[in-house]
Amino acid sequence: MQYILENQPDFFTQKCMIQEVIEDKDYKNRLQQVVPIALDHIFLLEIRAFARKSFRYMDAYRKGLNVKQAEYAVKKYKRYRVIPNNILQDILTKF
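At position 49 of the sequence shown the residue is numbered 190 (my numbering), and the sequence of numbers has no breaks.
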């Protein structure tokens, strides 16, 4: 029965509900207008700092640290792009 319904032309062309809601609200066009304005109000240095911090978190999680360990490592090694491998054991033993 499910196979028959899935292959019906009207069922096949039906969009999922969330896609219909997004298209009805016209989010894409609004975002295309708002995002450039918002980005103009943020300093490039702030964007870069946030990106570096995000990379440190990703590196910490990639190395297997849990949330507390990652927060400690990111806070302690602010000046680094990634968490140093030789410090990893120290962090793991503290927490």
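All C-beta atoms, glycine included, are put in the ideal place defined by N, C-alpha and C. Just so it is clear, the structure is predicted and the values come from calculations on it, not from any experiment.
C-alpha distance - residue i paired with residue j, whole-angstrom precision
i    : j    : result
I228 : V215 : 12 Å
Delimiting residues of the alpha helix (DSSP H) encompassing residue i
i    : result
F191 : 185 to 203
L180 : 168 to 181
K216 : 208 to 217
I228 : Neither: I228 is in no alpha helix (DSSP H) and is coded neither H nor E.
Three-state secondary structure (DSSP) of residue i
i    : result
T154 : coil
V162 : helix
Buried versus exposed call for residue i [16 or more other C-beta atoms within 10 Å across all chains shown]
i    : result
Q210 : buried
A201 : buried
I232 : buried
Proximity below 8 Å, CB of residue i to CB of residue j
i    : j    : result
R193 : R222 : yes
beta-carbon residue i near the ligand COA non-hydrogen atom, thresh 7 Å
i    : result
A214 : The ligand content of the structure shown is nil, which means the ligand COA is not present either.
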